[in-house]
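Using numbering that gives the first Met the number 0, the letters of the sequence shown correspond one by one to residues 0 to 278.
Virtual Cβ for every residue (Gly too), placed ideally from N, Cα, C.
Note that this is a predicted model, so its numbers are computed, not measured.
Right, one structure below, let's go through it.
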Amino acid sequence: MLSYLHEFHAGNFADVHKHASLILTLAMMQAKPSAIAGFDTHAGSAMYDLAGERAKKTGEAESGIQQVWKLRHRLQSSDWSPMLAELARLNPGEGQLSRYPGSPAWFDCLQREQDSLTAFELHSGESSRLQDWARGHRVTVQAGDGLEGLLRALPPKAPRLLVLVDPSYEIKEDYQRVVKTLAQAWTRCRHGVFLVWYPMLTSGQHRVLPEQLVRLGIRKTWYSELVLRQPPERGMTGSGMVIINPPWGFSERLGAMMAEVSGEQGLNVGHQQGWLVPE
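Below is the structure:
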């Protein structure tokens, strides 16, 4: 069984990048009334305790979402509003954040009546916590491999599709599996919007994912990368997102969001983005 637990990393700079991208994409898609079928292939446990022992052990939220929270009254882009509103609801008062949502909770807080979410989780402990959380929410949880489960579910009955794929990549074969799954998923649902997160590593191993996606030639494939200005000697140096079929205007709006939080008083990162494969 996999050992990775996101609780150690919840709210870090990569979560800010990933969840801001997800929330913006979903909000832009909801400009149209037709139903959206959402799928979260590696959902985790949905809600994280930033004041807990595991989060405090790494302290990664301190240089991530806690920094954004400090800047909240100065953020000009209205696209931060859904994230800030949900964080304020979960964390009343003016102090530091203690509760932080994972991706299924971000999906859920923006869901409309006509939308749906299926969340997959393979880790037994995380899956149990996810199922406990989901009892109070309109979310279908499946304990098992999310990449396999996604392919079984496509194409969805709803007219539109939004998929988030964000493995831990603790198994190096995950890069190849993600690419293979995307190729099959896109064939079954070419209009779907697919968001794929990947860690940027000192080893450079992560480059295989965007490089192989380029070889697939799926049109309208965009990338966004946050790069730490003071990277560690080992481990994660940045956060990457690939977006297949991004909504029109997505890049400008995401760029504006990231620019507001990229300085030394924020995430202390550089942001770069562009087409991997254009239209």
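Next item on the list: Would you mind working out which of Gly58, Ala87 and Ala60 sits nearest His72, comparing C-alpha positions?
Entry: In this structure, Ala87 is the residue among Gly58, Ala87 and Ala60 with its C-alpha nearest to the C-alpha of His72.
Note to self: By the three-class DSSP mapping on this structure, what secondary structure does Ala50 have?
What the structure shows: Secondary structure of Ala50 (DSSP, three-state): coil.
Check: Less than 8 Å separating the beta-carbons of Thr117 and Gln95?
Finding: Going by C-beta atoms, Thr117 is not nearer than 8 Å to Gln95.
Check: Is the beta carbon of Gln271 sitting closer than 8 Å to the one on Ser250?
Finding: Judged by beta-carbon spacing, Ser250 lies beyond the 8 Å limit of Gln271, meaning their Cβ atoms are not closer than that value.
Notebook entry, point to check: For the alpha helix (DSSP H) that contains Gly145, what are its first and last residues?
Noted result: Counted as a single uninterrupted DSSP element, the alpha helix (DSSP H) harbouring Gly145 occupies residues Gly145 to Ala152.
Checklist line | Trp105 - containing alpha helix (DSSP H), residue span | finding: Unbroken alpha helix (DSSP H) run through Trp105: Ser102 to Leu109.
Notebook entry, point to check: Quick one: Cα of Gln75 to Cα of Leu23, how far?
Noted result: Using only the alpha carbons, I get a separation of about 15 Å.
Note to self: Less than 8 Å between C-beta atoms, sequence neighbours within five positions excluded: which residues of the same chain meet that for Gly234?
What the structure shows: Result list for Gly234: Leu200 and Thr201, in chain order.
Checklist line | Cα-Cα separation between His41 and Gln211, rounded to whole angstroms | finding: For His41 and Gln211, the distance between alpha carbons rounds to 21 Å.
Checklist line | Boundaries (first-last residue) of the beta strand (DSSP E) holding Trp221 | finding: Trp221: member of the beta strand (DSSP E) spanning Thr220 to Leu227, first to last residue.
Next item on the list: Report yes if the CB atom of Pro198 is closer than 8 Å to the CB atom of Trp221, and no otherwise.
Entry: Taking 8 Å as the Cβ cut-off, Pro198 and Trp221 do not qualify as a contacting pair.
Next item on the list: Measuring alpha carbon to alpha carbon, tell me which of Met82, Glu278, Ser261 and Gly92 ends up nearest Ile242.
Entry: Of the candidates Met82, Glu278, Ser261 and Gly92, the one whose C-alpha sits nearest the C-alpha of Ile242 is Glu278.
Check: Can you tell which of Leu21, Val213 and Ala152 has its C-alpha closest to the C-alpha of Ala104?
Finding: Nearest to Ala104 by alpha-carbon distance, out of Leu21, Val213 and Ala152, is Leu21.
Check: Can you tell me whether DSSP reads Asp131 as helix, strand or coil?
Finding: Helix.
Note to self: Using a 10 Å radius around the Cβ and a threshold of 16 neighbouring Cβ atoms, would you call Lys31 buried or exposed?
What the structure shows: It counts as exposed.
Checklist line | CB of Gly43 within 8 Å of CB of Ser115, strictly | finding: No, these two residues do not count as a Cβ contact at 8 Å.
Check: Taking DSSP as the reference, what is the three-state secondary structure of Gly269?
Finding: In the displayed model, Gly269 falls within a strand according to three-state DSSP.
Margin query: Assuming Arg176 is part of the alpha helix (DSSP H), what are its boundary residues?
Written below: Boundaries of the alpha helix (DSSP H) harbouring Arg176: Asp173 to Arg187, taken from the DSSP string.
Check: In terms of residue numbering, what span does the alpha helix (DSSP H) encompassing Val15 cover?
Finding: That run of the alpha helix (DSSP H) goes Phe12 to Met28.
Check: What are the boundary residues of the alpha helix (DSSP H) that Trp196 is part of?
Finding: Counting along the chain, Trp196 falls outside any alpha helix (DSSP H), though it belongs to the beta strand (DSSP E) covering Val192 to Leu200.
Next item on the list: Mind checking who Asp279 pairs with in its DSSP beta bridge?
Entry: Any answer about residue 279 is impossible in this case: the structure gives the chain only from 0 up to 278.
Note to self: Rounding to the nearest angstrom, what Cα-Cα distance links Arg218 and Val276 in this structure?
What the structure shows: Distance between the alpha carbons of Arg218 and Val276: 5 Å.
Check: So Gly216 is in the beta strand (DSSP E); what residue range does that whole segment cover?
Finding: Where Gly216 is concerned, there is no enclosing beta strand (DSSP E), given that its DSSP letter is neither H nor E.
Checklist line | Closest Cα partner of Ala255 within the set Leu153, Asp78 and Ala45 | finding: Nearest C-alpha to Ala255 among Leu153, Asp78 and Ala45: Asp78.
Note to self: Alpha carbons only, please: which of Gly262, Gly191 and Ala19 is nearest the one belonging to Ala34?
What the structure shows: Closest option to Ala34, Cα to Cα, is Gly191.
Margin query: When you compare the CB positions of Leu225 and Leu194, do they come within less than 8 Å of one another, or not?
Written below: A distance of 8 Å or more separates the beta carbons of Leu225 and Leu194.
Item checked: Bridge-paired residues (DSSP) for Trp274 -> Its beta-bridge partners are Trp221.
Margin query: Measuring CB atoms only, is the region 176-189 touching the region 143-159, in the sense that at least three cross pairs come out at less than 8 Å?
Written below: Yes, since at least three Cβ pairs between the region 176-189 and the region 143-159 fall closer than 8 Å, the two stretches touch.
Note to self: For Lys56, tell me which candidate among Tyr168, Arg134, Ala9 and Gln29 has the shortest Cα-Cα distance.
What the structure shows: Closest option to Lys56, Cα to Cα, is Ala9.
Next item on the list: Compare the Cα-Cα distances from Asn11 to each of Ala54, Leu25 and Gln29 and report the closest residue.
Entry: That would be Ala54, whose Cα lies nearest to the Cα of Asn11.
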